[in-house]
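Line order of the protein sequences matches chains A and B. Numbering of the first sequence is given in our numbering, commencing with residue 1 and proceeding in unit increments. Numbering of the second sequence is given in our numbering, commencing with residue 1 and proceeding in unit increments. Glycine included, C-beta positions come from ideal geometry on N, C-alpha and C. Take a look at the structure set out below.
There are 2 protein chains.
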Amino acid sequence: MTTLSEENYLKAIYHLGKQGAVAVSTNAIAEKIESKASSVTDMVKKLADKNLAHYIKYQGVSLTNDGRLAAALVVRKHRLWEVFLVENLNFSWDEVHDVAEQLEHIKSLKLVNELDAFLGFPTHDPHGDPIPDKDGNYAPTKSINILELEVGSEGVLALVKDSSDVFLKYLNKNNLALGDVIKVLEFEPFDDSVTIQTKTKEIIISKEVAKNLYLSQ
Amino acid sequence: MTTLSEENYLKAIYHLGKQGAVAVSTNAIAEKIESKASSVTDMVKKLADKNLAHYIKYQGVSLTNDGRLAAALVVRKHRLWEVFLVENLNFSWDEVHDVAEQLEHIKSLKLVNELDAFLGFPTHDPHGDPIPDKDGNYAPTKSINILELEVGSEGVLALVKDSSDVFLKYLNKNNLALGDVIKVLEFEPFDDSVTIQTKTKEIIISKEVAKNLYLSQ
DNA sequence: ATATATTTTTAGTCAAGACTAAAAATAGGG
DNA sequence: CCCTATTTTTAGTCTTGACTAAAAATATAT
Numbered sequence: 001m002t003t004l005s006e007e008n009y010l011k012a013i014y015h016l017g018k019q020g021a022v023a024v025s026t027n028a029i030a031e032k033i034e035s036k037a038s039s040v041t042d043m044v045k046k047l048a049d050k051n052l053a054h055y056i057k058y059q060g061v062s063l064t065n066d067g068r069l070a071a072a073l074v075v076r077k078h079r080l081w082e083v084f085l086v087e088n089l090n091f092s093w094d095e096v097h098d099v100a101e102q103l104e105h106i107k108s109l110k111l112v113n114e115l116d117a118f119l120g121f122p123t124h125d126p127h128g129d130p131i132p133d134k135d136g137n138y139a140p141t142k143s144i145n146i147l148e149l150e151v152g153s154e155g156v157l158a159l160v161k162d163s164s165d166v167f168l169k170y171l172n173k174n175n176l177a178l179g180d181v182i183k184v185l186e187f188e189p190f191d192d193s194v195t196i197q198t199k200t201k202e203i204i205i206s207k208e209v210a211k212n213l214y215l216s217q
Numbered sequence: 001m002t003t004l005s006e007e008n009y010l011k012a013i014y015h016l017g018k019q020g021a022v023a024v025s026t027n028a029i030a031e032k033i034e035s036k037a038s039s040v041t042d043m044v045k046k047l048a049d050k051n052l053a054h055y056i057k058y059q060g061v062s063l064t065n066d067g068r069l070a071a072a073l074v075v076r077k078h079r080l081w082e083v084f085l086v087e088n089l090n091f092s093w094d095e096v097h098d099v100a101e102q103l104e105h106i107k108s109l110k111l112v113n114e115l116d117a118f119l120g121f122p123t124h125d126p127h128g129d130p131i132p133d134k135d136g137n138y139a140p141t142k143s144i145n146i147l148e149l150e151v152g153s154e155g156v157l158a159l160v161k162d163s164s165d166v167f168l169k170y171l172n173k174n175n176l177a178l179g180d181v182i183k184v185l186e187f188e189p190f191d192d193s194v195t196i197q198t199k200t201k202e203i204i205i206s207k208e209v210a211k212n213l214y215l216s217q
């Protein structure tokens, strides 16, 4: 059985592992989890003892199959609860994170799977992130970042990578939501900002914003 | 902010306080919570420091107004989640306890209150226990124990006091559920067993069982 | 009323998980 | 290739919440 703290480390390694790196560094985990490298070293040894992680001193960490499945289950729970909060309890997409962060640690296989069924087996959470199935798998996402599109192309806003409430509130303010049709009108070479056509108006978004918006076509 | 452990102590004192006693004994709490008296002493001091409990050495513990409200909120959450599990996630009444025991510690006022609304503001959980409102209050229950009825009187099964899965499974096996009409047919003086008419058949229940069944009329 | 039994508290440990400061290993630049 | 900067680990502490064993207070019984 995994503790709450172990689950948070597994999740951090899981997410960091997704973005390329074969082995994740102690410091990267510490930063993600807002703790210190020394604490990470301790915990990572424990995960290795439990056969949840591969760990070689000074060489970084990666998940074992067991560890990856455990992490995926936490992510699955997190995202299913987010759907529940938005669809059934009138939460908005910028309010769900902290609560889902707690709910993801509730231990009951029946609970997760019944919740999944109750929600109609959703494939994505309110931010467009994919929901892993019981075995930790999900269909590879094919959405593409705005910065990689051609001028004139359009698509549907399918994923926002940053789920912080500051960013989501920015999107709310600009009337941008998942499912909206967006058209790329112009790239500005000076600062990499992008002019886009939203469902209500034309707006200029900075590179930092554009980096977090993914469209499906 | 209360910790998970503090909340469990508050809940124990709250429940023990309901059954009469003005001040609850260290040993009683230890037994309820399956810990040791010495651990209870430590925690109770902490609760007193936080103004959640009144505590006099060797004299027992009681809750302050703040403590009682905090405890009632935990109970409120526990019972609301039980309703959700049974009504929406296909849990049966003997499966909900362990999961609700975890869910009751999720911290989010919005979550509790939205859940309450989603469920249609239920007044009782699946075992017939009353659900406290936001302020910790609930209508006094007027159901009466089977052992206090007259022969020939009947009522609706409104509350089962023991919510352990062993007991609930016994009731399932005998086809007894909340809302069923039950008639008292005979009291046996030798062992205080009771013959009752259920919706399907006549059965004899032991004193131990009868003690836990409450009818409303 | 005093001796004994029971309950409660105190004192001292322990494990989990986090931290700081210092030591060790690795990486990078000249 | 060596010297320095950075990263990672180790060693030692701290806090929370629990425990055991011993001491202190209270309750009970003759």
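- Task: Count the other CB atoms, across all protein chains shown, that sit within 10 Å of the CB of residue 95/A; report buried if there are 16 or more and exposed otherwise.
- Result: Taking the first sequence and counting its residues from 1, one reaches residue 95/A at position 95. Burial call: buried.
- Item | C-alpha distance - residue 150/B paired with residue 59/B, whole-angstrom precision | Position 150 of the second sequence, counted from the start, is the residue given in the question as residue 150/B. Position 59 of the second sequence, counted from the start, is the residue given in the question as residue 59/B. Approximately 40 Å, taken between the alpha carbons.
- Is the CB-CB distance between residue 194/A and residue 184/A below 8 Å? Against the first sequence, residue 194/A aligns to sequence position 194. Against the first sequence, residue 184/A aligns to sequence position 184. In this structure, residue 184/A lies closer than 8 Å to residue 194/A by Cβ.
- Query: Would you say residue 167/A faces chain B, with C-beta separation under 8 Å as the test?
  - Reply: As a working note, residue 167/A is residue 167 in the first sequence. So no, residue 167/A is outside the interface.
- Task: Identify the contact partners of residue 80/A in chain B, using a Cβ-Cβ distance below 8 Å as the criterion.
- Result: In the first sequence, the residue the question calls residue 80/A occupies position 80. Those within 8 Å of residue 80/A in chain B number zero; the least Cβ separation is about 12 Å.
- Message: My output table needs one value for residue 147/A: the three-state DSSP class, helix, strand or coil.
- Response: What you label residue 147/A is simply residue 147 of the first sequence in a count that begins at 1. Residue state, collapsed to three classes: helix.
- How many angstroms separate the CA atom of residue 186/B from the CA atom of residue 3/A? Position 186 of the second sequence, counted from the start, is the residue given in the question as residue 186/B. Position 3 of the first sequence, counted from the start, is the residue given in the question as residue 3/A. Spanning the two alpha carbons is a distance of roughly 52 Å.
- Message: Any beta carbon of chain B sitting closer than 8 Å to that of residue 73/A?
- Response: The sequence position of residue 73/A within the first sequence is 73, counting from 1. With 8 Å as the cut-off, residue 73/A does not count as an interface residue toward chain B.
- Query: For residue 54/B, does the three-state DSSP call read helix, strand or coil?
  - Reply: Start at 1 with the first residue of the second sequence, and residue 54/B comes out as number 54. In this structure, residue 54/B counts as strand in the three-state DSSP scheme.
- Task: For the alpha helix (DSSP H) holding residue 200/B, just list the boundary residues, first then last.
- Result: On the second sequence, position 200 is the one that residue 200/B refers to. Segment: none, residue 200/B is in no alpha helix (DSSP H) and carries neither H nor E.
- Item | Three CB pairs or more closer than 8 Å across the stretch 132 to 144 of chain B and the stretch 53 to 72 of chain B | yes
- Task: Give me whichever residues DSSP pairs with residue 132/B in a beta bridge.
- Result: Taking the second sequence and counting its residues from 1, the one referred to as residue 132/B is at position 132. Answer is none; residue 132/B lacks a bridge partner.
- Query: Any chance the CB of residue 74/B is under 7 Å from a heavy atom of the ligand MG?
  - Reply: As for the ligand MG, it is missing from this structure, which has no ligand bound.
- Below-8 Å beta-carbon distance, residue 99/A vs any chain B residue: Stepping through the first sequence from its first residue, residue 99/A is reached at position 99. Residue 99/A counts as touching chain B.
- Query: Does the stretch 141 to 149 of chain A come close enough to the stretch 80 to 96 of chain A that 3 or more CB-CB pairs lie under 8 Å?
  - Reply: no
- Query: Rounded to the nearest angstrom, how far is the Cβ of residue 12/B from that of residue 27/B, given a contact under 8 Å?
  - Reply: On the second sequence, residue 12/B is found 12 positions in, with the first residue counted as 1. On the second sequence, residue 27/B is found 27 positions in, with the first residue counted as 1. That belief does not hold up - the Cβ atoms of residue 12/B and residue 27/B are roughly 12 Å apart, past 8 Å.
- Query: Of all Cβ atoms in chain B, is any one closer than 8 Å to the Cβ of residue 87/A?
  - Reply: By 1-based counting over the first sequence, the position of residue 87/A is 87. Chain B, which has no Cβ nearer than 8 Å to the Cβ of residue 87/A, makes this no.
- Query: So, is residue 132/B buried or exposed, given that buried needs 16 or more other C-beta atoms within 10 angstroms?
  - Reply: Along the second sequence, read from residue 1 onward, the residue named residue 132/B stands at position 132. Burial call: buried.
- Query: For residue 215/A, which option in 161/A, 7/A and 25/A has the closest C-alpha, if you only look at C-alpha atoms?
  - Reply: Start at 1 with the first residue of the first sequence, and residue 215/A comes out as number 215. The option with the nearest alpha carbon to residue 215/A is 161/A.
- Query: From residue 116/A to residue 109/A, what does the alpha carbon distance come to, in whole angstroms?
  - Reply: Taking the first sequence and counting its residues from 1, the one referred to as residue 116/A is at position 116. Taking the first sequence and counting its residues from 1, the one referred to as residue 109/A is at position 109. Taking the straight line from one Cα to the other gives about 11 Å.
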